[in-house]
Every structure is written in C-alpha cells, then in structure tokens.
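Chains as they are written, first to last, in numbering that gives the first Met the number 0: chain A, 0 to 347; chain B, 0 to 133.
Idealized CB from N, CA, C, for every residue including glycine.
Following: one structure in structure tokens, then a few remarks.
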Amino acid sequence: MNNASGIVSYGYNVPRYRIRAEEIARVWGADGKRISKGLNVIEKSVPGIDEDTATISVEAARMALKRRGIDGKRVGAIFVGSESHPYAVKPTGTIVGEAICASPEFYCADLEFACKAGTAAMQIVHSMVMSGMIEYGLAIGADTSQAAPGDTLEYTASAGGAAFIFGKEGVIANLNTTASFTTDTPDFWRREGAHYPSHGGRFTGEPAYFKHTQGAARMLMEKIGTTPSDYDYAVFHQPNGKFPLEVGRMLGFEKKQLDTGLLSPLIGNTYSGASPLGLCAILDEAKEGQRIFMTSYGSGAGSDAFDFTVTGEIGKVDRKKTLREMIADCERVDYAIYSKMREKLRRD
Amino acid sequence: MSAPGYWREIPQRYNLLASRCGVCGDVDFPPRVMCQKCRRESIGRMERVGLSGRGNIVTYSILHTGMPAFSDQKPYVIAIIETEEGPRLTAQIVDCRHDDVKIGANVKSVFRKVNEDGKEGIISYGYKFTLVKE
Ligand SMILES: [Zn+2]
C-alpha cells in the first residue's frame with residue numbers, strides 16, 4: 000500500500016492594496032523609518048472592501064485546482080485555518096466547497112490556532128490522504144487580520160492566503176515528516192466579541208515565537224536526523240521581517256536559505272497565510288530533489304514543523320505566473336482610505 | 000435578500016452556472032428551464048454548464064452614486080460583459096484603474112463579497128470581474 004502523501008498543487012491570493020509602515024507611523028506620530036527598519040517591513044497588504052477570508056480562500060483554492068486540472072468533485076476534505084473567519088458560526092469551508100464544486104461529499108471544519116491554523120489544516124488533510132480516507136484534500140491558511148489603531152501590530156497585520164491540495168498521485172513535494180510543539184502560553188489572544196486582539200507586548204518574542212518555533216524545528220530535525228545544511232530552503236512564520244531571520248540564524252540556517260520564502264517585508268504578517276505563502280514562493284522556483292524546511296507559529300501557542308522533498312512532477316505545474324509577481328502588482332493607499340477599507344471609521 | 004433566496008442562487012452566483020439547450024445549443028445565463036427559441040421542444044433537454052468566467056467588456060459605466068451595497072466603493076465600474084460562451088451579464092469590475100477599463104478589454108471572473116445584510120445577517124458572495132493583464 001502506498002502511504003506517501005504530499006502536495007499535489009498549490010495556489011495563493013494576496014489582495015492588491017498596500018499601506019506603507021511609514022504612512023501608518025505618520026498618523027500616530029512615530030518614527031516611520033525607524034519602525035520600518037526595526038520590523039523589516041516596508042509595507043503590508045490590505046484587503047479590498049469586498050474581500051475576506053472566504054474570498055481569499057476560494058481564489059487560492061481555485062488556482063490550485065486549475066493549474067493541475069483537478070476536478071473539485073475529487074476533493075474529499077476541506078479544512079480552512081484562520082483567525083478571521085467571516086462568520087463566528089458558519090464554516091468558511093462550506094463556502095469554499097460550494098465554490099469549487101466539491102459539495103456535498105467532503106469532510107469539513109474550520110480551524111483556529113492564531114497564525115498556525117493553516118499548517119494544522121495541512122497536517123489533517125495529509126493524514127486523511129495517507130490513511131486512504133480521501134483521494135485529495137484541500138488545506139487552506141488565510142486571514143484578513145485586524146489590529147487596533149495605533150497598536151504596534153497595526154504595522155504588520157495584513158491579508159492573504161494559500162491553498163494546498165494533498166494527494167498520493169502527482170505529488171510535487173513529498174511531505175516526509177511533520178512535528179508539533181504546543182504549550183499553554185498567553186502571548187496573544189482575542190476574546191469572543193472583541194474586535195481587536197490583545198497581546199503581551201515583548202512577551203510575544205522569547206517565550207512565545209522563539210521558544211515554540213525552535214522547539215518544533217529541533218524536534219523534527221532530531222526525529223529524522225537532519226541538520227539545517229540538508230535543506231535548500233527554509234521558511235518560518237513571519238510576524239514581521241525580523242523574527243524569521245533571527246530564528247533561522249539561531250537554528251543554524253543561512254540567510255540565502257530564507258530569502259525566497261521571506262515575504263513579510265513586502266506584505267506584512269498574513270497570519271494563517273504567512274508561512275504557507277512563503278512555501279508557495281519557494282515552490283514557484285524549486286527544482287526536483289530540493290528539500291524544504293517549514294515551521295509555522297501560532298500564538299497561544301504552538302509550532303508545526305515540516306520536511307518536504309520536491310519531486311520531478313513540479314515540472315508539470317504551470318508556474319509562468321508567480322506569487323512574487325502577484326505581490327508586485329499592487330496599489331498603495333493612504334491611512335484614510337485604509338481606515339475606510341478596514342471599517343475603522345465609526346459611523347453610528 | 001433573504002437567506003433562502005440567496006441560497007437558491009448559489010450555483011449561478013459562485014460558479015456562473017448556466018443552461019444549454021440540447022436542441023439548438025444556445026447558452027443562457029442565468030440558467031433557464033426552457034429555451035426561448037425552441038420552446039416546448041427543449042423541455043427535458045436543457046443541460047447545466049458552468050461558464051469559464053472569461054469574456055470581454057461590451058460597455059461600461061463609472062458610477063458615482065448607487066446601491067447601498069457598493070457605496071463605500073464609489074466611484075466604481077459596472078460593465079456588461081460578453082462571456083466566451085455567449086451570454087451577457089452585468090457585473091462590477093474590481094481591482095483596476097478606471098483609465099484601464101476599455102470596451103473590448105478581456106476580463107475574468109473573481110470571487111468576491113457582493114453584499115452584507117447588516118452586521119448580523121448573511122454575507123452574499125458571488126462573481127465580479129477583473130481585467131486580464133497579458
Ligand atoms: Zn434551443
């Protein structure tokens with residue numbers, strides 16, 4: 000019995016609007032150049048008024064299906080990870096399922112684990128494919144995150160998402176191993192009904208992001224006996240442009256392994272979409288035999304680490320248009336338009 | 000729009016589901032149960048087909064006032080689009096500079112939020128279009 004499962008196709012979506020970190024700083028009387036440099040974030044993506052986690056998920060899923068000519072009816076599971084599902088009660092996955100014509104025969108639930116819900120979805124559909132429950136499974140990580148006006152998170156909280164189809168046939172990247180590191184750490188949270196999240200300030204760094212990312216990464220490498228030099232690419236959760244480079248260095252990765260998957264300087268923190276989008280940028284240029292290391296991070300807190308090997312099937316995927324080209328095709332907005340788009344203006 | 004009304008139209012709103020007459024081959028959007036040309040002869044011979052979402056702009060207008068659902072997006076572009084399968088439909092053109100919208104321009108469908116029934120009601124999703132850049 001063939002138990003191997005991996006990524007058969009991938010798709011992505013990043014809204015076309017951008018706001019520069021310096022423009023946000025201008026409004027709040029902060030030193031924009033210093034903040035932008037400190038975070039290593041030039042600008043962040045902003046969803047249009049008619050975009051949300053469901054629309055981003057559907058666009059990413061349709062791209063993934065289309066580029067391999069896979070009929071949505073063959074998708075047996077849809078798991079969408081996000082902290083900004085459009086409904087508090089009514090799954091985003093049901094909308095995606097109908098939009099890709101997978102309905103009604105598919106397993107489905109929405110996931111939430113801050114910024115790592117998308118990678119948790121990948122682990123679930125991967126397992127379902129391995130067990131033989133389904134032929135193809137769709138895992139999505141997408142968000143349109145909100146940050147309180149003037150909060151440090153406002154410089155980075157952005158929008159975007161990635162979709163991965165897992166299967167056994169036509170695999171472009173084998174998922175060799177995955178490992179998770181999870182604890183109860185209150186570094187960032189949002190209570191039911193609260194519009195904006197709360198966070199523990201500096202507490203979000205050392206005991207949260209760095210501890211869990213390194214924990215999962217080391218756990219995985221110990222499990223299979225690899226070292227950073229075994230990988231051609233590595234991608235980490237990117238709440239800003241600084242943390243992923245730091246954690247990569249702490250683990251022993253070189254900057255050149257991290258550059259391809261590092262998108263946060265250009266689009267900010269896409270939350271559940273962050274490390275998955277980085278993986279998409281890597282798959283856009285990866286070649287047969289190359290090995291990819293990925294570790295997500297979700298506040299609360301936990302990290303999922305993955306080890307992939309790219310196969311010869313990657314040559315069969317239409318990669319003429321890339322994620323970086325989609326990101327480059329953007330339109331900048333000022334803080335006033337951004338406030339309207341993100342419904343930050345009170346009208347009642 | 001009521002939840003059941005929205006729900007009934009999901010196939011055409013999400014996936015541009017049209018009908019094709021099994022007698023003359025004409026495609027209609029929104030889908031019909033009977034062909035306007037073949038009438039009774041087409042009954043029972045109407046098939047469901049999904050439009051590809053590709054087409055071009057027949058004509059368009061830039062709206063500075065309009066329906067409440069679009070008021071935060073004004074000025075916005077509404078166009079009549081001829082799909083590659085034939086049927087024409089009216090839709091918003093998004094993510095574009097208004098100067099780039101031209102008669103004859105190629106467009107493709109995108110999945111967007113079309114309306115929200117207040118802050119507590121259902122969210123309606125459906126097709127809008129964007130310019131295809133070559
Ligand atoms: Zn007819």
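Ala104 (chain B) is bridged by DSSP to nothing; it lacks a bridge partner.
Annotation: Lys43 (chain A) to Tyr337 (chain A) spans about 11 Å, alpha carbon to alpha carbon. Placement of the Cβ of Lys107 (chain B) at a distance of 7 Å or more from every heavy atom of ligand 1 is found. Apart from sequence neighbours up to five positions away, the residues of its chain that approach Val32 (chain B) with a beta-carbon distance below 7 Å are Met45, ordered along the chain. Excluding the 5 residues flanking it on each side, Asp109 (chain A) has same chain C-beta neighbours closer than 8 Å at Phe78, Val79, Gly80, Ser81, His84, Pro90, Thr91 and Gly92, in chain order. Scanning its chain for C-beta atoms nearer than 6 Å, with the 5 sequence neighbours on each side dropped, one finds around Ala147 (chain A) the residues Tyr195, in chain order.
Residue side-chain check: Cys329 (chain A) keeps its Cβ at 7 Å or more from all non-hydrogen atoms of ligand 1.
In this structure Lys320 (chain A) is exposed. Its beta-carbon is surrounded by fewer than 16 other beta-carbon atoms within 10 angstroms. Look at Met45 (chain B) here: in three-state DSSP terms it is strand. Using beta-carbon distances, Cys100 (chain A) counts as an interface residue toward chain B, with a partner under 8 Å. Distances between the C-beta of Ser41 (chain B) and the heavy atoms of ligand 1 include at least one below 7 Å. Placement of the Cβ of Asp27 (chain B) at a distance of 7 Å or more from every heavy atom of ligand 1 is found. At a cut-off of 8 Å between C-beta atoms, Ile42 (chain B) does not count as an interface residue with respect to chain A. Residues of the same chain with a CB within less than 8 Å of the CB of Ile122 (chain B), apart from the 5 flanking positions on each side, are Lys112, Asn114, Glu115 and Asp116 in chain order. Taken through DSSP and simplified to helix, strand or coil, Glu81 (chain B) comes out as strand. By the Cβ rule, the region 167 to 183 of chain A counts as touching the region 296 to 313 of chain A, because three or more pairs are nearer than 8 Å. For Ile79 (chain B), no chain A residue has a C-beta closer than 9 Å to its own C-beta; the minimum C-beta separation is roughly 20 Å. DSSP, reduced to helix, strand and coil, places Cys279 (chain A) within a helical segment of the structure shown. The beta carbon of Cys329 (chain A) lies closer than 6 Å to those of Arg15 and Arg17 in the same chain, with the five residues before and after it left out. For Thr151 (chain A), no beta strand (DSSP E) encloses it, and the DSSP letter there is neither H nor E.
In the three-state reduction of the DSSP assignment, Ser274 (chain A) falls in the helix class, which pools H, G and I. With a cutoff of 8 Å on beta-carbon distance, Asp306 (chain A) and Leu250 (chain A) are scored as not near each other. Following the DSSP letters along the chain, one finds Glu245 (chain A) inside the alpha helix (DSSP H) bounded by residues Phe242 to Leu250.
For Ala162 (chain A), the enclosing beta strand (DSSP E) has its first and last residue at Ala158 to Gly166.
With a contact defined as Cβ atoms closer than 8 Å, Leu261 (chain A) and Gln237 (chain A) qualify at about 6 Å. Following the DSSP letters along the chain, one finds Glu42 (chain A) inside the beta strand (DSSP E) bounded by residues Glu42 to Val45.
Listed in chain order, the non-local C-beta contacts of Gly54 (chain B) below 7 Å within the same chain comprise Ile80, Glu81, Thr82, Glu83 and Val106, local neighbours out to five positions each way being set aside.
Along the length of the region 58 to 99 of chain A, whole beta strand (DSSP E) runs at least 3 residues long occupy 74 to 80, reported in chain order. Residue burial annotation: Asp317 (chain A) is exposed, with fewer than 16 other C-beta atoms found within 10 angstroms of its C-beta. Bounds of the beta strand (DSSP E) holding Gln91 (chain B) are Arg87 to Ile92. For Val316 (chain A), there is no enclosing alpha helix (DSSP H), as DSSP marks it with neither H nor E.
Ligand 1 has a heavy atom closer than 7 Å to the beta-carbon of Val22 (chain B). Taking 8 Å as the cut-off, the Cβ atoms of Ala116 (chain A) and Gly140 (chain A) count as close. Residue state for Val113 (chain B) is assigned as strand, using DSSP reduced to three classes. Contacts with chain A at 8 Å (Cβ-Cβ) do not include Val32 (chain B).
Relative to ligand 1, Cys100 (chain A) has its C-beta separated by 7 Å or more from all heavy atoms.
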